[in-house]
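**Student:**
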Amino acid sequence: MINKMEKQLKQTIVEKKIEEKISEWSWKIDPTFLMRVITSIGYESPEERYAQAKQVIGLLAKANTKEEFLNEVLKIELLNRQLYFMLSKESGRHKYTVMRTLDKISKPINTLSEAGSVLVGNDSFSVSIKNGYGDGESTVYVLNETDNFEDDLMEFSGVVAGTEFYISSYDCDNSWITKLPLSGKYMTYYYDSIVCLRKI
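Following this line, the structure appears as structure tokens:
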């Protein structure tokens, strides 16, 4: 059933010459991978995903420009989150999507960046996590294991681990914010001056 749905979607893409159209537009991501995500139904709510994929393909067929397509597709309610975040990054407005998403689950911490990063550590060790932007102000979010976070929202940076370490208010000095101690292992992510530490 699922294979049949995916086959029908791929056939529609061929008939409507969707791949030729999007290859003319400039993308940050690989258009072939984008098509694969659009046509992948998965095993969770396949009928809904199939209907949604048909809607996305229809918008691609109608749009004259990439911007026109993005403006319409990002209005779709309950759009597959992986696809939503991929397309949001193409829109130039993804920073606000990141902040809006993280503001719902964590309180932001503002730090100063002179080396384009956020410094974490203690008096024994320190690690710089790039902020994806450069000098200026960075916004940091710390998430627990139970917080709902999807990897596609941001860019993965690495893993940091330790016992009782802190975020520094300035990335060129160990000005530790001691009222927020961290302990354990954290996956770290960045996007356009925003840094996220997610406990694992």
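Converting from the sequence shown to my numbering requires adding 7 to each position, the first position being numbered 1.
Positions of the beta carbon are idealized from the N, C-alpha and C atoms, including for glycine.
All values reported here derive from a predicted model rather than from experimental measurement.
Tell me the DSSP bridge mates of Ala168?
**Tutor:** Ala168 pairs with Lys192.
**Student:** Quick one: does Gly143 have its CB under 8 Å from some CB of chain D?
**Tutor:** The question asks about chain D, but that chain is absent: this structure has only one protein chain.
**Student:** Consult DSSP for Asn78 and reduce its assignment to one of helix, strand or coil.
**Tutor:** Asn78 falls in the helix class under three-state DSSP.
**Student:** Report the three-state DSSP secondary structure of Gly49 (helix, strand or coil).
**Tutor:** Three-state result, Gly49: coil.
**Student:** Per DSSP, which one or two residues make a beta bridge with Leu204?
**Tutor:** Answer is Val149 and Thr195.
**Student:** Which class does Ser124 belong to by DSSP, given the choice of helix, strand or coil?
**Tutor:** The answer is strand: DSSP assigns Ser124 an E or B state.
**Student:** Does DSSP classify Ile184 as helix, strand or coil?
**Tutor:** Coil.
**Student:** Under a three-way DSSP split, which group does Ile112 fall into?
**Tutor:** Three-state DSSP puts Ile112 in coil, outside helix and strand.
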